[in-house]
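The block underneath contains the structure these notes are about, expressed in structure tokens.
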Amino acid sequence: MQDVTPENGAKQDQSSTRVNVRLRPVERPDQPTTANFSTVAVAQGIAYLDFGFIEPALLGRIARTVQDGQSAPKSIDGQRVTRMAMPLEQLVGLHQQIQQVLVGLRDASQLKTSPSPH
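If you're matching positions, the sequence shown starts at 9 in our numbering and goes up one per residue.
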């Protein structure tokens, strides 16, 4: 299970809801894909990364349902965009690359928000 929260940037409280997500495969290998959901599992020294897409409107409806005091669905369906399998050493390398990107984004964001010296 994974926490599912709206990705549309709408104001929301900091709570999240656990929902089982089933990703169904999509066959369009030549097209760029968008993923708004990911999960990682490890088995026998191999990391399996699933990237999927869940309709943002569905995520919004679930968030509103929970905010209204009703229970969230036990599971939802999404589309699996791709599944990657890689040795744990490559997963460590991917983690380092993602960290570098995030640090760069943070630094760029801080430069934009800091007052310029005159």
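For each residue, glycine too, the CB sits at the ideal point set by N, CA and C. These numbers come from a predicted model, not from an experiment.
| Ordered list of alpha helix (DSSP H) runs contained in the region 52–103, each at least 4 residues | DSSP runs (the alpha helix (DSSP H)) wholly in the region 52–103: 64–75.
| message | Please list the terminal residues of the continuous beta strand (DSSP E) segment that includes residue 25. | response | Residues 25–33.
| task | Starting from the Cα of residue 100, find the closest Cα among 55, 65 and 25 and give me that residue. | result | Of the listed residues, the one whose Cα sits closest to residue 100 is 55.
| field | Touching by the beta-carbon criterion (3+ pairs, under 8 Å), the region 38–57 and the region 83–94 | value | Short answer: they touch.
| message | Between the alpha carbons of residue 68 and residue 119, how many angstroms are there, rounded? | response | Cα to Cα, the separation comes out at about 33 Å.
| query | Any idea what DSSP makes of residue 122, helix, strand or coil? | reply | If DSSP states are grouped into helix, strand and coil, residue 122 belongs with coil.
| Where does residue 70 land, buried or exposed, given buried means 16+ other C-beta within 10 angstroms? | By the neighbour-count criterion, in which 16 or more other beta carbons inside 10 Å mark a residue as buried, residue 70 falls on the buried side.
| query | Would residue 43 pass as a contact of residue 89 if the rule is Cβ separation under 7 Å? | reply | Taking the C-beta atoms as reference points, residue 89 is found nearer than 7 Å to residue 43.
| If you drop the 5 nearest sequence neighbours on each side, which residues of the same chain put their C-beta closer than 7 Å to that of residue 31? | Hits under 7 Å: 58, 60, 86, 87 and 88.
| What's the gap between the Cα of residue 24 and the Cα of residue 49? | For residue 24 and residue 49, the distance between alpha carbons rounds to 21 Å.
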